[in-house]
Amino acid sequence: MRRTTIGTAVMVAVCVLGLGACGSKSDSATPAGSTGGASAPAAAAGGDGVKWADQVCGSLVSLATLEGKAPKVDEAADPKQNKTEIAKYLVDASTTLGSGSSTLKGAGKAPAPEGDDVVKKLVSFLDDTKKALDTAKADVDSADPANPEQFTKAMTEAVTAMQKVGNGPSFGDLKSKTLDDVTSKAPNCKKISG
(Lines of atoms letter the chains of each structure in order from A and count residues from 1; the text may use other names and numbers.)
(Lines give C-alpha, C1' and ligand atoms only; values in the text may rest on other atoms or scores of the structure.)
Protein backbone atom coordinates (compact mmCIF):
# COMPACT_ATOMS: atom_id res chain seq x y z
CA MET A 1 0.00 0.00 0.00
CA ARG A 2 2.78 2.44 0.83
CA ARG A 3 4.55 1.64 -2.45
CA THR A 4 1.47 2.75 -4.37
CA THR A 5 1.21 5.94 -2.34
CA ILE A 6 4.86 6.82 -2.95
CA GLY A 7 4.69 5.98 -6.66
CA THR A 8 1.52 8.02 -7.04
CA ALA A 9 3.12 10.99 -5.30
CA VAL A 10 6.07 10.89 -7.66
CA MET A 11 3.86 10.59 -10.74
CA VAL A 12 1.76 13.53 -9.61
CA ALA A 13 4.94 15.58 -9.19
CA VAL A 14 6.02 14.81 -12.71
CA CYS A 15 2.60 15.75 -14.08
CA VAL A 16 2.13 18.90 -12.02
CA LEU A 17 5.65 20.20 -12.34
CA GLY A 18 6.43 18.88 -15.76
CA LEU A 19 3.33 19.72 -17.71
CA GLY A 20 2.36 22.69 -15.59
CA ALA A 21 5.78 24.25 -15.59
CA CYS A 22 6.71 23.66 -19.20
CA GLY A 23 3.38 23.39 -20.95
CA SER A 24 1.98 26.69 -19.77
CA LYS A 25 4.94 28.56 -18.33
CA SER A 26 6.27 31.80 -19.44
CA ASP A 27 9.90 31.12 -18.60
CA SER A 28 12.66 32.01 -21.06
CA ALA A 29 15.65 34.25 -21.10
CA THR A 30 15.36 37.63 -22.76
CA PRO A 31 18.25 38.05 -25.16
CA ALA A 32 20.96 40.51 -24.21
CA GLY A 33 20.31 43.98 -25.51
CA SER A 34 16.59 43.39 -25.88
CA THR A 35 14.46 46.32 -24.90
CA GLY A 36 11.32 44.28 -24.45
CA GLY A 37 8.16 45.49 -26.09
CA ALA A 38 7.04 44.04 -29.39
CA SER A 39 10.44 42.60 -30.26
CA ALA A 40 10.82 40.59 -27.03
CA PRO A 41 8.40 37.75 -27.88
CA ALA A 42 9.92 37.28 -31.32
CA ALA A 43 13.44 37.25 -29.89
CA ALA A 44 12.47 35.00 -26.99
CA ALA A 45 10.93 32.48 -29.36
CA GLY A 46 14.37 32.21 -30.92
CA GLY A 47 17.43 30.36 -29.70
CA ASP A 48 17.89 32.06 -26.31
CA GLY A 49 14.27 31.53 -25.29
CA VAL A 50 14.34 27.91 -26.41
CA LYS A 51 17.60 27.33 -24.52
CA TRP A 52 16.02 28.85 -21.43
CA ALA A 53 12.89 26.69 -21.73
CA ASP A 54 15.02 23.62 -22.35
CA GLN A 55 17.00 24.31 -19.17
CA VAL A 56 13.83 24.90 -17.12
CA CYS A 57 12.17 21.75 -18.41
CA GLY A 58 15.43 19.83 -18.10
CA SER A 59 15.49 20.63 -14.41
CA LEU A 60 12.19 18.80 -14.11
CA VAL A 61 12.90 15.83 -16.38
CA SER A 62 14.95 14.20 -13.64
CA LEU A 63 11.87 14.11 -11.41
CA ALA A 64 10.54 11.38 -13.67
CA THR A 65 13.41 9.17 -12.55
CA LEU A 66 12.10 9.27 -9.00
CA GLU A 67 9.24 6.94 -9.84
CA GLY A 68 11.62 4.19 -10.84
CA LYS A 69 13.43 4.68 -7.55
CA ALA A 70 10.33 4.53 -5.35
CA PRO A 71 10.98 2.23 -2.41
CA LYS A 72 9.52 -1.25 -2.48
CA VAL A 73 8.00 -1.13 0.95
CA ASP A 74 6.26 -4.23 2.19
CA GLU A 75 4.55 -3.88 5.56
CA ALA A 76 5.06 -7.62 6.15
CA ALA A 77 8.79 -7.40 5.40
CA ASP A 78 11.64 -6.88 7.80
CA PRO A 79 11.38 -3.31 9.20
CA LYS A 80 15.14 -2.84 8.76
CA GLN A 81 14.78 -3.55 5.05
CA ASN A 82 11.94 -1.03 4.75
CA LYS A 83 14.03 1.51 6.65
CA THR A 84 16.93 1.02 4.24
CA GLU A 85 14.67 1.31 1.18
CA ILE A 86 12.99 4.49 2.40
CA ALA A 87 16.27 6.09 3.50
CA LYS A 88 17.83 5.44 0.09
CA TYR A 89 14.84 6.93 -1.69
CA LEU A 90 14.88 10.01 0.54
CA VAL A 91 18.53 10.62 -0.34
CA ASP A 92 17.90 10.09 -4.07
CA ALA A 93 14.83 12.34 -4.07
CA SER A 94 16.57 15.06 -2.07
CA THR A 95 19.54 15.02 -4.43
CA THR A 96 17.25 15.17 -7.47
CA LEU A 97 15.25 18.08 -6.08
CA GLY A 98 18.43 19.94 -5.12
CA SER A 99 19.85 19.47 -8.60
CA GLY A 100 16.60 20.65 -10.18
CA SER A 101 16.57 23.74 -7.98
CA SER A 102 20.17 24.58 -8.90
CA THR A 103 19.42 24.19 -12.60
CA LEU A 104 16.36 26.42 -12.31
CA LYS A 105 18.34 29.08 -10.47
CA GLY A 106 20.79 29.15 -13.37
CA ALA A 107 18.15 29.46 -16.08
CA GLY A 108 18.37 33.24 -16.33
CA LYS A 109 15.65 35.73 -17.11
CA ALA A 110 12.47 34.47 -18.72
CA PRO A 111 11.28 35.85 -22.08
CA ALA A 112 7.92 36.71 -20.50
CA PRO A 113 7.42 38.25 -17.03
CA GLU A 114 5.29 35.46 -15.61
CA GLY A 115 8.06 32.99 -16.43
CA ASP A 116 10.28 34.44 -13.73
CA ASP A 117 7.45 34.04 -11.22
CA VAL A 118 7.00 30.41 -12.23
CA VAL A 119 10.70 29.70 -11.72
CA LYS A 120 10.64 31.39 -8.29
CA LYS A 121 7.67 29.26 -7.23
CA LEU A 122 9.28 26.09 -8.52
CA VAL A 123 12.59 26.83 -6.80
CA SER A 124 10.77 27.55 -3.55
CA PHE A 125 8.77 24.33 -3.86
CA LEU A 126 11.82 22.21 -4.68
CA ASP A 127 13.87 23.74 -1.85
CA ASP A 128 11.07 23.37 0.71
CA THR A 129 10.37 19.79 -0.34
CA LYS A 130 14.08 18.93 -0.25
CA LYS A 131 14.25 20.28 3.29
CA ALA A 132 11.25 18.12 4.30
CA LEU A 133 12.88 15.05 2.75
CA ASP A 134 16.17 15.77 4.54
CA THR A 135 14.33 16.08 7.87
CA ALA A 136 12.47 12.83 7.19
CA LYS A 137 15.77 11.12 6.33
CA ALA A 138 17.25 12.17 9.68
CA ASP A 139 14.15 10.84 11.45
CA VAL A 140 14.29 7.55 9.55
CA ASP A 141 17.99 7.16 10.34
CA SER A 142 17.35 7.61 14.05
CA ALA A 143 14.25 5.38 14.13
CA ASP A 144 14.72 2.08 15.92
CA PRO A 145 12.81 -0.79 14.28
CA ALA A 146 12.73 -2.45 17.72
CA ASN A 147 10.55 0.44 18.95
CA PRO A 148 7.35 -0.01 16.90
CA GLU A 149 5.76 3.29 17.95
CA GLN A 150 8.82 5.41 17.13
CA PHE A 151 9.54 3.47 13.96
CA THR A 152 5.97 3.73 12.66
CA LYS A 153 5.93 7.46 13.38
CA ALA A 154 9.19 8.01 11.48
CA MET A 155 8.02 5.93 8.51
CA THR A 156 4.67 7.75 8.39
CA GLU A 157 6.42 11.12 8.44
CA ALA A 158 8.75 9.93 5.68
CA VAL A 159 5.82 8.95 3.48
CA THR A 160 4.18 12.32 4.19
CA ALA A 161 7.39 14.09 3.14
CA MET A 162 7.57 11.99 -0.03
CA GLN A 163 3.99 12.91 -0.86
CA LYS A 164 4.96 16.60 -0.78
CA VAL A 165 6.79 15.94 -4.02
CA GLY A 166 3.36 15.63 -5.65
CA ASN A 167 1.97 18.84 -4.22
CA GLY A 168 3.84 21.28 -6.42
CA PRO A 169 2.48 24.57 -7.66
CA SER A 170 0.07 24.53 -10.56
CA PHE A 171 0.51 26.86 -13.50
CA GLY A 172 -2.38 25.83 -15.69
CA ASP A 173 -3.83 29.34 -15.72
CA LEU A 174 -0.73 30.94 -17.20
CA LYS A 175 -1.11 31.82 -20.84
CA SER A 176 1.74 33.24 -22.86
CA LYS A 177 2.27 32.83 -26.57
CA THR A 178 5.97 33.48 -26.07
CA LEU A 179 6.29 30.72 -23.51
CA ASP A 180 4.13 28.34 -25.49
CA ASP A 181 6.37 28.95 -28.51
CA VAL A 182 9.67 28.36 -26.73
CA THR A 183 8.48 25.36 -24.73
CA SER A 184 7.06 23.72 -27.87
CA LYS A 185 10.55 23.89 -29.43
CA ALA A 186 12.63 22.84 -26.42
CA PRO A 187 13.64 19.15 -26.45
CA ASN A 188 13.38 18.71 -22.67
CA CYS A 189 9.89 20.22 -22.64
CA LYS A 190 8.87 17.69 -25.28
CA LYS A 191 10.13 14.90 -23.00
CA ILE A 192 7.89 16.12 -20.21
CA SER A 193 4.75 16.76 -22.23
CA GLY A 194 5.03 13.98 -24.70
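When you line the sequence shown up against mature numbering (1 follows the signal peptide of the UniProt record, and there is no 0), it's residues -21 to -1, 1 to 173, in that order. Positions of the beta carbon are idealized from the N, C-alpha and C atoms, including for glycine. In this text the structure is predicted, and so the values were computed from the model without any measurement.
Pairwise C-alpha distance: residue j and residue i
i: Lys156; j: Gly94; result: 12 Å
i: Asp6; j: Ser103; result: At Asp6, the pLDDT of 37 sits below 50, so the modelled position is not reliable and the matter cannot be decided from this model.
i: Ala66; j: Lys116; result: 6 Å
i: Leu45; j: Gln142; result: 12 Å
i: Ser172; j: Val97; result: 17 Å
i: Ala113; j: Pro90; result: It is Asp, not Ala, that sits at residue 113 in the sequence shown. So the alpha carbons of these two residues sit roughly 34 Å apart.
i: Asp120; j: Ala56; result: 18 Å
i: Leu101; j: Asp118; result: 26 Å
i: Leu158; j: Lys99; result: 16 Å
i: Met134; j: Val29; result: 42 Å
i: Glu54; j: Asp107; result: 28 Å
i: Asp71; j: Gly47; result: 11 Å
Per-residue burial, residue i [other beta carbons within 10 Å of its own, 16 or more giving buried]
i: Pro166; result: exposed
i: Lys132; result: exposed
i: Asp27; result: buried
i: Pro127; result: exposed
i: Gly15; result: Caution applies to Gly15, whose pLDDT of 37 falls short of 50 and renders its modelled position unreliable; the model cannot decide the point.
Close beta carbons around residue i, own chain, < 6 Å, minus the five adjacent residues each side
i: Gly77; result: Lys109
i: Thr139; result: none
i: Lys170; result: Val40
i: Ser73; result: Lys109, Leu112, Asp113
i: Asn61; result: Val52
i: Cys168; result: Cys1, Ala32, Cys36, Thr162
Own chain partners of residue i with C-beta closer than 8 Å, once the 5 adjacent residues on each side are dropped
i: Lys123; result: The sequence shown places Asp at residue 123, not Lys. Only Gln129, Phe130 meet the Cβ criterion.
i: Ser41; result: Thr75, Ser78, Gly79
Proximity test, residue i beta-carbon vs the ligand COA heavy atom, cut-off 7 Å
i: Pro92; result: No copy of the ligand COA occurs in the structure displayed, which carries no ligand at all.
Supposed contact pair residue j and residue i - C-beta distance, whole angstroms, cut 8 Å
i: Leu105; j: Gly79; result: 5 Å
i: Leu69; j: Ala125; result: Rounded, the Cβ-Cβ distance is 21 Å, inconsistent with contact.
Sequence-distant residues of its chain with Cβ nearer than 7 Å to residue i (five each side left out)
i: Thr82; result: Gln34, Gly37, Ser38
i: Pro58; result: Pro124, Phe130
Can at least three beta-carbon pairs, one atom from the region 159 to 173 and one from the region 33 to 49, be found at a separation below 8 Å?
-> Three or more beta-carbon pairs drawn from the region 159 to 173 and the region 33 to 49 are found closer than 8 Å, and the two stretches are therefore classed as touching.
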